[in-house]
Every structure is written in structure tokens, then in C-alpha cells.
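Take a look at the structure set out below.
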């Protein structure tokens, strides 16, 4: 687990934002050996490599930034670490700052690899049938990590919770009162997990009001939880934020979720929304379309596998004006809809994307180039227009609209949350 070879193999598949190494000995009395091991590379928190933080048992000078301490055998590592009592080691790590304040520069936290690491450590210590105990204890260990973050002044700007194996025990520590400062300035939140997020959003809205990028999915096919309560807590969280620029909502099984509840937060943040994306939703009422139409400054509008009735399509085409719209994504097959409205919205979206592409091409083609071609006497390609038309028709057969000429995310200044160099100020907003 702790060998250099296994670490290298792990990093080639999963870029870890932050990782801690735990050795847990006595699960019953909740007494653990908490050994924070983190290395921040030159890209700051994009990849983290476990090293022995400040090398408390290493003799002689050592550079903790570029040194990777590896132990070929896990037993040898345990033997070295257990030379000091658990509590004494924890007090030393919390009382004496490390040579380099790593946690101050942590900007992105991914709960999934952290939870998986806790499972790997706890699983051998707990009897095979006590899987629930492993999840509970892994959530407790995540809380201990966040407490260390809080002591050293970590400020998480991007929080990612993605994966089917995430449980409520893993996300509950995020809202602990002792960890609120860690997430007080979070600007990007990605919640793509099947677990119910009702209690999380109820508490997280009091923890942070700075989230500008919101991406969330809802999945509850067996109705084990009340979907309305989950959506209401989510909408309350979105309304509590000061400025929202990106709003992405995924719901698998739209029959279980009320679309008006998902579009209601747009009324407050309509002037600042730049990216708007819906997946697996059914749009059947005019109120929903009016909420979308209120986002006049949207640049990227996406309906992925959504159901749009003819009346809603007509309202969207007639009553909306998006002067800044440069990209439209629609993956719903118009042939599955009734009436001509479905084809109209497809043509409208196609016109938006093709128009932006034509403008970019015209900007690269100057009058000097045209005059030069005429002076050379080169014949004009009469088949060029036909080739373009055939290419467009080929794209239409895919029933998928996407403009590769526009990279909305790279154009949004709000999305650059991470320091680009070691000289970056850890207390800055980036």
C-alpha cells in the first residue's frame, strides 16, 4: 500500500487531489494513528503523492517537498510509526507546524479517493460482515482529516463528490462546525452521487454562500427518500449563494422529479448564469420555459436527453432572446416528438452553432488573402458550398449539436480556482 511502486501505479490511473495515509490500530476505542502524508507538486493539488509529512522519524537533513519516502514492506512502516504513542504524534503534528505549510495551499478536495483509502485501511481491521462499520469509521476518519485542514488553514475552492460508492457518512463531516472555515470560500461544487443529499444541502448552505459553479445529479428510482424534500433543500442552497454562473442539473428518472423545482433557482441568478445544462428532464409547463428564458446572458444552453413538448418549444423559440448564446447542445431526437416544433428548435440550435462557426472562419479569412487568390487566377471551387451542405446534413443525422469552436469553460474567469505557481498567495481567492 505504501510502496513507491504502488503509489506510482495509482497515480497513473487516478489523479488524486488530496490524499492522506492512515494506519488504524484499535477501531473499538476510536484511537487512531493519524499520519498526514501529502506532497503537493508544481501544479498545486492536481496530483498529490503521499510522503512522510516533515519526516518526524527521519534523521538528518531532508527536503520534504521533493523527497518521497517509500517502505517496501507495510510491517516495517508500522514498526517505525508505532515507536511513538498515537496521541503524542497527533499532538505534535497539530502543535508544531510543518516545515512547509502544505494544507494552506490545498485548493481541491475529492472525497472519493479519500473515502476509498479509509476503506482500504479499515477493511482488514474489521470483520468481513461488518461493512456498515467500515463506512461509519471511514466517515469518522474523513472528519479527522478536515480537522487537520482547519488547524492549518486550508481553504477548499473546489469540492468534488462523485461516485456510486459514496455514502452519507462520507459527506456528513463536511458540515461539521469545526470544519466550516475550510469550505467557507468554496466556489465550485460537483455532487454526482446516488446518495440522498437532502441533509447535506440543508447544512451546507449555512457553511458556504460563495459557490458559483453548481453541478448536481439526482437519482432515486426506488423512492427511498422523498424527492421533493431533496429538491427543496437543493433549491434553498442555490438561492443562498451570492452569484451563480454555471448551473448543471442531472436527474435520472425524470418522472420522480419536479422540473419546476429545478428551474426555480434561475429566477434569482438569471443575470449571472453563463452555462445552463439539463439532463433527463421533462419540460411540460410554460413556467419552466419562462425560468430558462430569464437567463438572457447565457452562453451555453444544453438539453441532454430531455423531453420537450411542442408548446414549450414554441415558447422557447418565440419568447426568448439570448444575445450572448454561442453554443447549443441538444441530444433529443426530434423525430420522436410530435409536430413541427421539434424540428424548429433543432434548426434554431443548428443556426446558433453554425453562425458562430461562420463568424470565426470569416475572421481568419482576410481581404488580402482573397485579392491574392484572384491575382493568381485560381479558379473558385464551385463544389465548396455543396461540400459544406453535405457536411451539415451528415451532422444532422447524428441528432447531436455541438460546436467545437467554443470552449465555454475556458472563457469563464470564475472557473480558474487554483494557484499556478509556488509563489501564489495561499490566502488569495484563486
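In full-length UniProt numbering, the protein residues as written are 1 to 430. Think of the CB as a built atom: it goes at the ideal place given N, C-alpha and C, for glycine as much as any other residue.
Can you tell me whether residue i is helix, strand or coil according to DSSP?
i	result
residue 353	helix
residue 175	helix
residue 315	helix
residue 160	strand
residue 302	strand
residue 92	Bear in mind that the predicted position of residue 92 carries a pLDDT of just 48, short of 50, making it too unreliable to give a figure here.
residue 324	coil
residue 453	Residue 453 falls outside the range modelled here, since the chain spans only 1 to 430, and no answer is possible.
residue 144	helix
residue 181	helix
residue 116	helix
residue 138	helix
residue 290	helix
residue 63	With a pLDDT of only 30 at residue 63, under the threshold of 50, the placement of this residue in the model should not be trusted, and no figure is reported.
Within a Cβ cutoff of 7 Å, which residues of the same chain sit near residue i, ignoring the five residues on either side of it in sequence?
i	result
residue 432	Past the edges of the chain, shown from 1 to 430, lies residue 432, and the structure says nothing about it.
residue 315	286 and 289
residue 295	266, 270, 273 and 276
residue 147	178 and 179
residue 119	134 and 138
residue 82	Caution applies to residue 82, whose pLDDT of 41 falls short of 50 and renders its modelled position unreliable; the model cannot decide the point.
residue 259	281, 282, 283 and 288
residue 305	279, 280, 331 and 332
residue 205	236, 237 and 240
Note down, in chain order, each residue of its chain lying with its Cβ closer than 8 Å to the Cβ of residue i, except the 5 sequence neighbours on either side.
i	result
residue 184	155, 207, 208 and 210
residue 214	189, 238, 241, 244, 246, 247 and 248
residue 408	In this prediction, residue 408 has a pLDDT of 40, which is less than 50 and means its spatial position is unreliable; nothing more can be read from the coordinates.
residue 182	146, 149, 150, 154, 155 and 156
Compare the beta carbon distance of residue i and residue j with 8 Å and say whether it is the shorter of the two.
i	j	result
residue 107	residue 179	no
residue 112	residue 169	no
residue 283	residue 312	yes
residue 217	residue 192	yes
residue 149	residue 175	no
residue 291	residue 320	no
residue 344	residue 301	no
residue 280	residue 251	yes
residue 352	residue 308	no
residue 164	residue 194	yes
residue 431	residue 115	Absent from the model: residue 431. The displayed extent of the chain is 1 to 430, so no value can be given.
residue 173	residue 136	no
Ignore the nearest five residues each way along the sequence and tell me which others in residue i's own chain have a CB closer than 6 Å to its CB.
i	result
residue 322	298
residue 60	Because residue 60 carries a pLDDT of 36, less than 50, the predicted location of this residue cannot be relied on, and no value is offered for it.
residue 203	175
residue 268	239
residue 303	278 and 330
residue 160	110 and 190
Quick check: is the beta carbon of residue i nearer than 8 Å to any beta carbon in chain B?
i	result
residue 300	The structure shown contains no chain B; it is built from a single protein chain.
Return the bridge partner residues of residue i from the DSSP annotation.
i	result
residue 192	162
residue 329	302
residue 347	DSSP lists no partner for residue 347.
residue 110	160
residue 307	282
Compute the minimum distance between the beta carbon of residue i and the heavy atoms of the ligand NAD, and state whether it is under 7 Å.
i	result
residue 265	Looking for the ligand NAD in the displayed structure turns up nothing, as the structure carries no ligands at all.
Inset, instruction - Taking only runs that begin and end inside the region 196–284, name each unbroken beta strand (DSSP E) of 3 or more residues, in chain order. - result: 213–219, 246–252 and 275–279
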